[in-house]
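Participant: One structure is given below, represented as structure tokens, and several questions about it will come after.
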Amino acid sequence: MAEQKVSEEVEVSKPEVNVNVESQKETPSDSEDLAYDPNLPDYNAQYGVKSAEAITLSWTRSSLMVVYASMWLLYFSNAFEASLSTNLTPFVTSTFNDHSLMSVINVVTQVLTGATYMPVAKILNLWDRIAGFSLMLFIAILGMILMAATNSFELYAASNCLYSIGFTGMTFCVDVMTADTSTLRNRGLAFAFTSSPYIITAFGGPKAAETIYADNWRWAFGAWAIVLPVVATPLIVMMAMGKHKAKKNGLAPRQVSGRTWVESLWHYFIEFDAFGVILLVAGFILFLLPFIIAADSKDQWKSGNILAMLIVGFVLLVAFPFWERYGARAPFVPWSLLTNRTVIAACMLDFVYQIAYYCWYQQFSSYLQVVYNTSIAGAGYIGSIYDVVAGVELLIVGALISITGHYKWVLMWGVPIYILGVGLMIYFRQPGTGIGYIIMCQIFIALGGGVITIGEQVALMASAKHNDIAALLGLLGLFGYMGGAVGGSIAGAIWNNVLPGELQERLPANTADKWEDIFGDLEVALSYPVGDPTREAIGMAYAATNKYMLIAGVCIMSLGLICMAVIKDRNVKHIIQTKGMLF
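In UniProt numbering, the protein residues as written are 1 to 583.
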């Protein structure tokens, strides 16, 4: 067995790679765990966690550096593709004359993607990190191939779900691997480093989207189906090599089930809590979709189908926690953590933050192009201010958390600044207002929103052992995506119920009968020249609708102040979680 060096951490103000176990003064959940051995994996943990610890106990400093470079490169690829997709989606849906159905795609995608987090966390723990990452890579590539080949709105919506599940799942796997390979003290900085490519892609993505749209938008997805496997291969190879070395050193755990394939099928059905996943996904979809489609229903909110969807969806959502507590033989997260005040508050903060964000953001690019006559690239640059400002800020905040050992101050800064930024947008949204004010608001939103996520993540991980990190990050992702789905439903309800009336009221007589075409197709709205009475009326209608979205976002985000206050602050310098060669 290779001998491992263990050293105490020293305070630093910049990222360091240490051969260490975090300075041990308390453990996150069990301060009386006397069986801790810094040179061996925790054999009380699940197989995937033991395997991850065996890898970090076996590899060298250069291996760790290559892994982080590989994770950075993968984040760069994903960030660039996400920027392309965000800027092209309004025009792709308009290709099928369904621009107004962006909200439906968003809600269904958010729900299905959010529900994927917990099963993926199970895969990472029951099997290992490589298996989970490879599966998500395959799903992402399949989704991109289908998106590139789609010729109908229905196929586009389905392939978009696969694409989102795959890309989000890959990002989640990388985040878990980042947690595996870093001390809790430096984890905020490690997350900031791996996500820093968004600073770069914020500038290249929008212009690339504009260029690709002028040629053929399908290349935005088809090309990445080729690029992604190439970019992902180094990370898979490095993790596989680390696992092989751990086996040679006698550290890698062995897993022999002794089950038949039928017994294994039933075992994993129980372990992945398939019934719980069905309850959650069906509940959210049935509960949220009526808010978007009610306006197009014959009897609207009086329709029996709409009311039935709401009631059944609500019942399924209420049943989910009871199933997890009393029915599930293998719940996603231990009940003791689900009742932890910091875990609850951090998840609820992400939930309300994502609701508040998606209340206004999903139509933001369309709003900028119609009201301020920006190009696709220009709207993308403004929308990417968040990525640039937050990316730089996160590196600074991550270093400060490492120095101070505390994280709650991050949330006390972020939540109020975010509310201020969205609140100012309400005032400056009107046509005729200088676009510089919109940019100023986006900077405030980025300064606040960017650090909220890192504060939530560190607070959550400080409340648990390494064995539960994947499950807790999955739970946070679940709450975030469901919050995004709720926010998308609110935005869709406002957009589909308010904008048609605003257009009918404001359009001049000679184009009043065109309101449905304008509502359903962004290109039709942009076809009227700036200064034309119809274009001015469209701009006023967009701004009036956007006002209600922003007001909803501010009101909901105010609840984040309560969540922030409940979160417990701990000194992350003194908490053990990971072992071996770490960031």
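Even for Gly, the Cβ is constructed at its ideal location relative to N, Cα and C.
Computed from a predicted model, the values in this text were never measured in an experiment.
Can you tell me the Cα-Cα spacing of M581 and W59, whole angstroms?
Facilitator: Rounded to the nearest angstrom, the two C-alpha atoms are 7 angstroms apart.
Participant: Of all the options G423, G487, A543 and L316, which has the alpha carbon lying nearest to the alpha carbon of P500?
Facilitator: For P500, the nearest C-alpha among the options comes from A543.
Participant: Between S336 and the rest of its own chain, which residues show a CB-CB distance below 7 angstroms, the 5 nearest in sequence each way excluded?
Facilitator: There are no such residues.
Participant: In the DSSP assignment, the alpha helix (DSSP H) including C441 goes from what residue to what residue?
Facilitator: Start and end: I435 to M461.
Participant: Assign V318 to buried or exposed, taking buried as 16 or more other Cβ atoms, counted over all protein chains shown, within 10 Å of its Cβ.
Facilitator: Burial call: exposed.
Participant: Just to check my reading of the structure: S134 and M238 have Cβ atoms closer than 8 angstroms, yes? What is that Cβ distance to the nearest angstrom?
Facilitator: That belief does not hold up - the Cβ atoms of S134 and M238 are roughly 13 angstroms apart, past 8 angstroms.
Participant: Could you check which residue in M147, P234 and L472 has the C-alpha nearest to that of N216?
Facilitator: N216 has its Cα closest to that of M147, out of M147, P234 and L472.
Participant: Which of the three DSSP states is assigned to L582 in this structure?
Facilitator: Correct three-state label for L582: strand.
Participant: Would A565 be called buried (16 or more neighbouring beta carbons within 10 Å of its own) or exposed?
Facilitator: Per the 10 Å Cβ criterion, exposed.
Participant: Helix, strand or coil, according to DSSP, for L576 in the structure here?
Facilitator: It should be pointed out that residue 576 corresponds to Ile in this sequence rather than to Leu. In this structure, I576 counts as coil in the three-state DSSP scheme.
Participant: Beta-carbon within less than 7 angstroms of T534's beta-carbon, same chain only, minus the 5 sequence neighbours each way: which residues are those?
Facilitator: Excluding residues within five positions, the ones whose Cβ falls inside 7 angstroms are L507, P508, T511 and Y528.
Participant: Pick from K50, A140, V388 and F287: whose alpha carbon is nearest that of R254?
Facilitator: Checked all of K50, A140, V388 and F287; the closest Cα to R254 is K50.
Participant: Taking three-plus beta-carbon pairs below 8 angstroms as touching, is the segment 319-334 in contact with the segment 487-500?
Facilitator: Contact fails: fewer than three Cβ-Cβ distances are below 8 angstroms.
Participant: Scan the segment 326-370 and note each continuous beta strand (DSSP E) run of 3 residues or more that stays entirely inside, going in chain order.
Facilitator: Runs found: none.
Participant: Out of V92, A115, L74 and A131, which has the shortest C-alpha to C-alpha gap to A52?
Facilitator: For A52, the nearest C-alpha among the options comes from A131.
Participant: Helix, strand or coil for D387, going by three-state DSSP, please let me know.
Facilitator: D387 falls in the helix class under three-state DSSP.
Participant: Quick one: grab the DSSP three-state call for residue 587.
Facilitator: Residue 587 falls outside the range modelled here, since the chain spans only 1 to 583, and no answer is possible.
Participant: Please classify T233 as buried or exposed, where buried requires at least 16 neighbouring CB atoms within 10 angstroms.
Facilitator: When all chains shown are included, T233 counts as exposed.
Participant: Can you check the segment 63-132 for any alpha helix (DSSP H) of at least 4 residues that lies completely inside it and give the ranges in chain order?
Facilitator: Correct list: 102-126.
Participant: Could you tell me the distance, in whole angstroms, from the CA atom of D387 to the CA atom of K248?
Facilitator: Near 42 angstroms, if we compare the C-alpha coordinates of K248 and D387.
Participant: Taking the alpha-carbon positions, what's the K302 to N546 distance?
Facilitator: One C-alpha to the other measures close to 26 angstroms.
Participant: Just the C-alpha distance for A328 and V415, rounded to the nearest angstrom, thanks.
Facilitator: Roughly 35 angstroms separates the two Cα atoms.
Participant: Could you tell me the distance, in whole angstroms, from the CA atom of V230 to the CA atom of T178?
Facilitator: Distance between the alpha carbons of V230 and T178 is about 20 angstroms.
Participant: Closest to V410 by CA distance: which of D569, A45 and F364 is it?
Facilitator: Nearest option by C-alpha distance: D569.
Participant: Taking 8 angstroms as the cut-off, does the segment 426-440 touch the segment 462-475 (at least 3 CB pairs, one atom from each stretch)?
Facilitator: Contact fails: fewer than three Cβ-Cβ distances are below 8 angstroms.
Participant: Give the secondary structure of A282 by DSSP, where H, G and I count as helix, E and B as strand, and everything else as coil.
Facilitator: Correct three-state label for A282: helix.
Participant: Using C-beta distances below 7 angstroms, list every residue in its chain close to Q24, excluding the 5 sequence neighbours before and after it, in chain order.
Facilitator: Here Q24 scores only 39 on pLDDT, less than 50, and its place in the model is too uncertain to base an answer on.
Participant: In whole angstroms, give me the CA-to-CA distance for W219 and G258.
Facilitator: Computed Cα separation, rounded: 47 angstroms.
Participant: Using only alpha-carbon positions, find the residue among I344, D128 and G283 that is nearest to V315.
Facilitator: The candidate whose alpha carbon is nearest that of V315 is G283.
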